Each structure stands twice: as structure tokens, then as C-alpha cells.
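Peer 1: In my numbering, the protein residues as written are 4 to 333.
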Ligand SMILES: [Zn+2]
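Encoded structure:
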């Protein structure tokens, strides 16, 4: 199965190119039309390739801001090798400011390895997986919590099980130098970073804000982290700086998540950055449609640091209310 995506970009040409990935998308408004996803390729000779992605979830903005800025600012003369930048990977979702594509409700980060003959989200996942990932030595996919979640900023990796790929991913994570670095255990094969790792690409992701806004601190961490990673790869020249100390953490089991038991209004009793113990109060679910009813007490199920919490107050059964991470034993 080959991709239907076409582009005027020549990935082997030196210099700076900005263009579009065109996916044929025939609709009433435009019978022979295309869905156009922005891409930039900055190349200076043979060398390592870094693929930088944001807008995988359309309502996560720090990466979209930083990668758009890098397209304007990064010049071929500054690098050795190649940087490929896709700042709005699920373009319909990014332009609408929502997590999933309004065209097909597709969640790009649950669509890998994709399908060239399926709906646009799956067709683009297939292009990224089968065309861009094989070009890349390293892949950085910038997330944040989106409209529904808020995060303490961290960079992260998912272990692939391949010792060589995982060692390169760990080195890249350390080089990125975010204040917190997390190793995820809950691996979902439909996620971009996991698909990239399966192809032997060192893949770093991370959550750098949330709540549907742009976190100033998150923007700074993403920009410096990407530049640190490019120095580590030899794409940007070394500057002699030592990698920043990063707190290495893990999310080992589903018990580190707290899910909503029934619909209502969520009043948090812990904030991002709190250290909590199992059975500590996470929050109360209020029933404002029946104010005489006592709220339901929701509790944490593990010891750890609160790195994520739900942003909007209205909740339904099954929503993630918070999740924790714990320090990796030295
Ligand atoms: Zn995301």
C-alpha cells in the first residue's frame, strides 16, 4: 500500500524549503481538492535527520508556536544534516483548535500505523509512518494536555523493547533536559512516538502545558529542549553546556490515574506539583442538579507527584481527573 500524499518538497535538496503535504480530499466544496499540511525541510549536507512534530492533537499549542517559529528562524547554514518540521500534523484539528479532526473525528495519536485508503487522519498517519519516520534518526512529538487536561511540563519516552532504540531514546530524553523526564509504561501501539520507535527511531514526546492555552514556561522548555536535542544529535553545533538536571520519573501502572466515578462538577483537592499518598483526597464530585446530595469523595490510588489534572469542571463517568508520576529509584 502506497501513500496518496504528494508534495513539491524534495527531501534530498540542500537549503530551506517550505511547502505542503497534499492529501486528495474530494468534497462538495472542492471536487478535486486536497487537504494541505504545512511542512518545512532544512538541510545542509549529509548527516542526521530530526523530525519535529506538533499539532498531532489540534488543541495543544506550545509545539505549534515553537515549530512555526523555528521554520521562520532556523537557517541551513546553522545546521549539519536535516531538520523536517511538521507544526500542525493533524491540520484540520489544529485549525479548528480541537483534539480530533472535525473531518473524520480522527485522533492522529491513536491512528498509527495508519491506512492510506482510510479517512484523512489515518491516511496522514500512514504517510508519517511509512515516508517520514524511515528518514528520521530522531523524532520529537510535542504535546500538552489539550483543552481537557493541564500538565506540569515534562518530556517523555515510551520504551519499545528494542535495547538499541531504547538506549538512544533515553540519551535523547536526557539531552532534551526538561525539568521532569518521564518513562511511560502504558504503551499504545497507535501512538506516533511508539510507531516511530518500532521503526528504530529515537522518539521523545512530552506534555508542556494544557487547558487549551499557551503556557509561557512550556514554550521555553520546548524551544530549549529541541535545541539541546539537535546539539546532542550533532545537527546543531555543541555549545559546551552540560545537560540540565532532570527529575527522572515513571508512570508504572494504571493505578497512577484517577477516573471519575459519575457525572457532576469536579472540585480538585490537589494541585499540579503536589506530592500525595495513596487514599489522599483527589477531589469532590458535586451534584448541583441536586444540591441536597452529599458530594462523592474521589481519592488517589498510589503515592506520587500530581503531574496532570482535569481542566474543565464538568465531568462524566470515566473522565481522567488526575494522574501521578513517581521518582525512578536510583
Ligand atoms: Zn496530545
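Glycine is no exception: its CB is placed at the ideal position from the N, C-alpha and C atoms. Quantities reported herein were computed from a predicted structural model and do not represent experimental measurements.
1) Give me the DSSP bridge partner(s) of residue 19.
2) Does ligand 1 have a heavy atom nearer than 6 Å to the CB of residue 65?
3) According to DSSP, what are the bridge partners of residue 323?
4) Excluding sequence positions up to five away, which residues of its chain have a Cβ less than 6 Å from the Cβ of residue 1?
5) To which residues of the same chain is residue 50 closer than 6 Å at the C-beta, ignoring the five residues directly before and after it?
6) Could you check what DSSP says for residue 30 in three-state terms: helix, strand or coil?
7) Do you know how far the Cα of residue 8 is from the Cα of residue 35?
8) Please name the residue, chosen from 222, 238 and 275, that lies closest to residue 78 on a Cα-to-Cα basis.
9) Which same chain residues end up closer than 8 Å to residue 275 when comparing Cβ atoms and leaving out the 5 residues on each side of it in sequence?
10) Can you tell which of 145, 267, 40 and 254 has the C-alpha that lies nearest to the C-alpha of residue 195?
11) To the nearest angstrom, report how far apart residue 315 and residue 286 are at their CA atoms.
12) If we ignore side chains and look at the alpha-carbon of each, how far apart do residue 185 and residue 19 end up?
13) Given the structure, does residue 146 come close to ligand 1, in the sense that its CB is under 6 Å from one of the ligand's heavy atoms?
14) Can you tell me whether residue 60 sits near ligand 1, meaning its C-beta is under 6 Å from at least one heavy atom of the ligand?
15) Could you name the residues of the same chain whose beta carbon sits closer than 7 Å to that of residue 225, not counting the 5 residues immediately before and after it, in chain order?
16) Could you spell out where the beta strand (DSSP E) holding residue 271 opens and where it closes?
17) Quick check on the DSSP output: what are the complete beta strand (DSSP E) runs of length 3 or more inside the segment 165-236, in order along the chain?
18) Going by DSSP, name the residue or residues bridged to residue 160.
19) Out of curiosity, what's the CA-to-CA distance linking residue 22 and residue 330?
20) Identify whether residue 253 lies in helix, strand or coil by the three-state DSSP scheme.
Peer 2: Quick look at the numbers:
1) According to DSSP, residue 19 bridges with 45.
2) Answer for residue 65: no, Cβ out of range of ligand 1.
3) DSSP output for residue 323 lists 262 as bridge partner(s).
4) This structure cannot settle anything about residue 1, because the visible part of the chain is limited to 4 through 333.
5) Apart from sequence neighbours up to five positions away, the residues of its chain that approach residue 50 with a beta-carbon distance below 6 Å are 83 and 84, ordered along the chain.
6) In the three-state DSSP reduction, residue 30 falls in the strand class (E or B).
7) Rounded to the nearest whole angstrom, the CA to CA distance from residue 35 to residue 8 is 14 Å.
8) With distances taken between CA atoms, residue 78 lies nearest to 238 out of 222, 238 and 275.
9) Result list for residue 275: 153, 154, 155, 309, 310, 311 and 312, in chain order.
10) It is 145 whose Cα lies nearest to the Cα of residue 195.
11) So the two alpha carbons sit approximately 13 Å from each other.
12) The alpha-carbon atoms of residue 185 and residue 19 are separated by roughly 33 Å.
13) Yes - ligand 1 has a heavy atom lying nearer than 6 Å to the Cβ of residue 146.
14) The answer is yes for residue 60.
15) Cβ within range, chain order: 65, 66, 69, 145 and 211.
16) Per DSSP, the continuous beta strand (DSSP E) segment holding residue 271 begins and ends at 267-271.
17) Whole beta strand (DSSP E) segments, 3+ residues: 183-187 and 205-210.
18) Residue 160 is bridged to 186.
19) Those two C-alpha atoms are separated by around 43 Å.
20) Under the three-state reduction of DSSP output, residue 253 falls in the strand class.
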